[in-house]
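Note sheet for the following structure.
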Amino acid sequence: MVNVIALVSGLIFGLGLILGGMANPAKVLAFLDLTGEWDPSLAFVMAGAIAVGSVAFALAGKLKKSYLGAPMSLPASRTIDKRLVLGALAFGIGWGIAGICPGPALVLLGAGSVKGVVFVAAMLLGMGVFEILERRRSNPEVQRKPIADRKAGEQIALQDH
Amino acid sequence: MLIDWNAFTPWASLAGGALIGAAATLLILFNGRIAGISGIVGGLLALKKGDMGWRLAFIGGLIAAPLIWQLFASLPAIRIDGSFLMVALAGLIVGIGTRYGSGCTSGHGVCGISRRSPRSVVATLLFMMMGFITVYVIRHVFQIAG
Numbered sequence: 008m009v010n011v012i013a014l015v016s017g018l019i020f021g022l023g024l025i026l027g028g029m030a031n032p033a034k035v036l037a038f039l040d041l042t043g044e045w046d047p048s049l050a051f052v053m054a055g056a057i058a059v060g061s062v063a064f065a066l067a068g069k070l071k072k073s074y075l076g077a078p079m080s081l082p083a084s085r086t087i088d089k090r091l092v093l094g095a096l097a098f099g100i101g102w103g104i105a106g107i108c109p110g111p112a113l114v115l116l117g118a119g120s121v122k123g124v125v126f127v128a129a130m131l132l133g134m135g136v137f138e139i140l141e142r143r144r145s146n147p148e149v150q151r152k153p154i155a156d157r158k159a160g161e162q163i164a165l166q167d168h
Numbered sequence: 002m003l004i005d006w007n008a009f010t011p012w013a014s015l016a017g018g019a020l021i022g023a024a025a026t027l028l029i030l031f032n033g034r035i036a037g038i039s040g041i042v043g044g045l046l047a048l049k050k051g052d053m054g055w056r057l058a059f060i061g062g063l064i065a066a067p068l069i070w071q072l073f074a075s076l077p078a079i080r081i082d083g084s085f086l087m088v089a090l091a092g093l094i095v096g097i098g099t100r101y102g103s104g105c106t107s108g109h110g111v112c113g114i115s116r117r118s119p120r121s122v123v124a125t126l127l128f129m130m131m132g133f134i135t136v137y138v139i140r141h142v143f144q145i146a147g
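Top line first, the protein sequences correspond to chains A and B.
Quick note on numbering: the first sequence equals residues 8 to 168 in the working numbering.
Quick note on numbering: the second sequence equals residues 2 to 147 in the working numbering.
The following block contains the structure:
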């Protein structure tokens, strides 16, 4: 059932991206081009999504378990660290170069875009590099310590949001 | 600032955004998961047993969306201006950046702001700002495309 919900959610997400115009990288770049002929549409996509999402996440904050009994995986961290800042800045540069972020990239795959395939392949490579660097960073230290001495933070370091 | 009124699609974009919000609602309330695409895709690469199925299902849904759309209407225009090299470079940077920054437009911009996470608000402001600057530099300083 969890997989069915995920499939339907992904499908609705993708249809929303197409309807909202965000599957078209040229339209995304037209939003990011403030001093050119500006297309404010992307701000409306964000507004629509956040309006609906705010209700859902207010509700989700009160749940102990999901409606299907799964644990609620809500990131608890509130610290703004160097990784967050540098990562977000880098992402902004990549987004500005092609006008493609991860969600629309996958929609482009389904639309049969060759450049979409190139983008996704490069993105996966980038994510793979991150994964390898993370393991190198955390493993030697974690392995040297007995399990009882590990701090909780070290074990969840590899978890995503 | 000049608004391109012919390209501007406020109602379709608002409705598309609402759909994205509905998708995020389903995933958090039923599965307890955040609809952050970079996290869902990146998490696949951790190769954790028992944690792959829902990720693949969600990604499958996203990829299937344009195919389902085409059963009822033709797809809106898709135009990618950059060269293959630029697109590959962009993909690589987006892959690394979103994983170090723990999220992208969906995870931080939609879900994170919806749950008023300070990290996500900061991340969204930063990647938006950097997106604006990058497009400005490419189009108006180096005058490539657009």
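Glycine included, every Cβ here is placed at the ideal spot set by N, Cα and C.
*Tell me whether residue 4 of chain B sits in a helix, a strand or coil according to DSSP, three-state version.*
Strand at residue 4 of chain B.
*Might you give, ordered along the chain, the residues of its own chain that have their beta carbon closer than 7 Å to the beta carbon of residue 28 of chain A, omitting 5 neighbours on each side?*
Same-chain partners within the cutoff: 34, 48.
*If you run the structure through DSSP and keep just helix, strand and coil, what is residue 78 of chain A?*
In this structure, residue 78 of chain A counts as strand in the three-state DSSP scheme.
_Run through chain A and tell me which residues come within less than 9 Å of residue 142 of chain B, C-beta to C-beta._
Residues of chain A passing the Cβ test: none, with the nearest at roughly 11 Å.
*Grab the span of the alpha helix (DSSP H) containing residue 135 of chain B for me, first residue to last.*
Segment 119-137, the alpha helix (DSSP H) holding residue 135 of chain B.
*When DSSP labels each residue in this structure, what does residue 89 of chain A get in the three-state scheme?*
Judged by DSSP in its simplified three-state form, residue 89 of chain A adopts helix.
*asked:* Once the 5 residues before and after residue 63 of chain B are set aside, which same chain residues still bring their CB inside 8 Å of it?
replied: Taken in chain order, the residues that qualify are 38.
*Whole-angstrom distance between residue 146 of chain A and residue 5 of chain B, CA atom to CA atom*: Answer to the nearest angstrom: the Cα atoms are 52 Å apart.
*asked:* Given a cut-off of 8 Å on the beta-carbon distance, is the pair residue 61 of chain B and residue 17 of chain A in contact?
replied: Yes. Within cutoff.
*With a cut-off of 8 Å, do at least 3 Cβ pairs link the segment 61-75 of chain A to the segment 126-142 of chain A?*
No: fewer than three Cβ pairs fall under 8 Å.
*Contact with chain A by residue 60 of chain B, beta-carbon distance below 8 Å*: Nearest CB-CB separation between residue 60 of chain B and chain A: below the 8 Å threshold.
*asked:* DSSP three-state label for residue 122 of chain A, please.
replied: Note: residue 122 of chain A maps to helix in three-state DSSP.
*What three-state label does DSSP hand residue 72 of chain A in the structure shown?*
In the structure shown, residue 72 of chain A sits in a strand (DSSP, three-state: E or B).
_One or two residues paired with residue 55 of chain B in a DSSP bridge_ = DSSP, once it has assigned bridges, lists no residue as partnering residue 55 of chain B.
*Could you tell me whether any Cβ in chain B is nearer than 8 Å to the Cβ of residue 2 of chain A?*
Residue 2 of chain A cannot be examined here, being either before or after the span of chain A that is shown, 8 to 168.
*asked:* For a cutoff of 8 Å on Cβ pairs, would you count residue 143 of chain A as touching chain B?
replied: Taking Cβ atoms only, chain B never reaches closer than 8 Å to residue 143 of chain A, which makes this a no.
*asked:* Let's see if you can read the secondary structure: which residues bound the alpha helix (DSSP H) around residue 95 of chain B?
replied: Following the DSSP letters along the chain, one finds residue 95 of chain B inside the alpha helix (DSSP H) bounded by residues 85-101.
*Cβ atoms of residue 59 of chain B and residue 41 of chain B: under 8 Å apart, would you say?*
Yes. Within cutoff.
*So, do the segment 115-129 of chain B and the segment 84-101 of chain A have three or more beta carbon pairs nearer to each other than 8 Å?*
Taking a contact to require three or more Cβ pairs closer than 8 Å, the segment 115-129 of chain B and the segment 84-101 of chain A qualify as touching.
*Other residues of its chain near residue 115 of chain B: CB distance less than 8 Å, five sequence neighbours each side excluded*: The beta carbon of residue 115 of chain B sits closer than 8 Å to those of 22, 25, all from its chain and outside the five residues before and after it, given in chain order.
*residue 4 of chain A at chain B interface by Cβ criterion, 8 Å*: Since the first and last residues shown for chain A are 8 and 168, residue 4 of chain A lies out of range.
*Consider the Cβ of residue 64 of chain B: report whether some Cβ of chain A lies at a distance smaller than 8 Å.*
Yes, contact with chain A.
_Using a Cβ-Cβ distance cut-off of 8 Å, determine whether residue 2 of chain B contacts chain A._
The C-beta of residue 2 of chain B comes closer than 8 Å to at least one C-beta of chain A.
*Take residue 27 of chain B as the anchor and find which of A:135, A:107, A:77 has the nearest alpha-carbon.*
Taking only the C-alpha atoms, the option nearest residue 27 of chain B is A:77.
*Starting from the C-beta of residue 75 of chain A, find all residues in its chain whose C-beta is less than 8 Å away, skip the five residues before and the five after it, and write them out in chain order.*
The residues are 8, 9, 12.
*Using a Cβ-Cβ cut-off of 6 Å (strictly less than) and excluding sequence neighbours within five positions of residue 113 of chain B, which residues of its own chain qualify?*
121, listed in sequence order.
*Proximity winner among B:93, B:133, B:8, relative to residue 135 of chain A (alpha-carbon distances)*: From the listed residues B:93, B:133, B:8, the smallest Cα separation to residue 135 of chain A is found for B:93.
*Hey, how far is the Cα of residue 109 of chain A from the Cα of residue 14 of chain B?*
One C-alpha to the other measures close to 18 Å.
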